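For reference, the structure is listed below as structure tokens.
Residue numbers (full-length UniProt numbering): 1 to 124.
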């Protein structure tokens with residue numbers, strides 16, 4: 001017996017179809033008191049089953065939302081730490097670019113060499 005929200009939704013649809021079938025039979029049974037009574041009892045039982053399935057589905061959907069919130073909360077510190085690392089690297093790049101500018105490197109060869117130095121410092 002599967003308890004995924006999708007499986008429960010399929011069961012809900014099937015139960016709703018069954019309720020409609022019994023309602024139709026009940027309409028056809030007007031005048032036959034015994035059959036009408038049995039169908040009313042069956043209809044009441046089906047409605048109870050349908051309500052139970054709908055409650056189960058709501059509980060599963062709520063559980064899914066809570067799990068997603070927990071995952072987001074768990075991921076937030078890691079994302080913040082990564083953001084801090086990015087900011088730190090940006091600051092280091094800016095400092096190195098400033099340092100390069102102060103050295104007055106206008107030659108392409110010098111820029112290439114300094115770019116390599118920058119890359120090696122960023123790997124640290």
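Every residue, glycine too, gets a C-beta built ideally from N, C-alpha and C.
On a predicted model such as this, the values are computed, not experimentally measured, just so you know.
When secondary structure is reduced to three states using DSSP, residue 14 falls in the helix class. Take the alpha-carbon of residue 25 and the one of residue 50: they are about 18 angstroms apart.
Counted as a single uninterrupted DSSP element, the alpha helix (DSSP H) harbouring residue 51 occupies residues 33–103. Of the candidates 18, 29, 33, 57, 57 places its Cα closest to the Cα of residue 3. Within the model, the alpha-carbon separation for residue 84 versus residue 113 is close to 28 angstroms.
Excluding sequence positions up to five before and after residue 35, its CB lies within less than 7 angstroms of the CB of 29, all in the same chain and listed in chain order. Taking C-alpha positions only, residue 120 is separated from residue 91 by approximately 15 angstroms.
Counting C-beta pairs with one atom in each stretch, the stretch 38–53 and the stretch 10–24 have three or more that are closer than 8 angstroms, which means they touch.
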